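S.K.: If you read the sequence shown in numbering that gives the first Met the number 0, its first letter stands for residue 0, the second for the next number, and so on. Here it is, the structure in full.
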Amino acid sequence: MASDDKSLAKDVKSLQEGIHALENALGGEDPKKIVSQHIRLLHDYNEAKDKAQVLIGRIAALKGVSVKQLHEEYGLDLED
Numbered sequence: 000m001a002s003d004d005k006s007l008a009k010d011v012k013s014l015q016e017g018i019h020a021l022e023n024a025l026g027g028e029d030p031k032k033i034v035s036q037h038i039r040l041l042h043d044y045n046e047a048k049d050k051a052q053v054l055i056g057r058i059a060a061l062k063g064v065s066v067k068q069l070h071e072e073y074g075l076d077l078e079d
């Protein structure tokens, strides 16, 4: 039992050190705040991308070409 307790204490200490290292890597910022910021940035990116796709669609219609052709003309990735 005593060796189990020592092993458990060693594991706990190792995990605490790992947590401390991760907190330092985050620069002391709250992880929930970081995740919220990333979600907000992804939302902003997706909105901008959607608006750009609408414009590309309109330009393609005005030129009488497909959206795919317009992507190729401007060197845009169809997947992005």
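For every residue, glycine included, the Cβ atom is placed at its ideal position computed from N, Cα and C. This structure is a prediction, so every number in the text was calculated from the model and none was measured.
Cβ of residue 69 within 9 Å of Cβ of residue 58?
M.R.: It is a contact, given that the beta carbons lie within the stated cut-off.
S.K.: Is the beta carbon of residue 55 sitting closer than 9 Å to the one on residue 25?
M.R.: No, Cβ-Cβ distance for residue 55 and residue 25 is not below 9 Å.
S.K.: DSSP state of residue 17, grouped into three classes?
M.R.: Residue state, collapsed to three classes: helix.
S.K.: Cβ atoms of residue 77 and residue 62: under 9 Å apart, would you say?
M.R.: It is not a contact, given that the beta carbons lie outside the stated cut-off.
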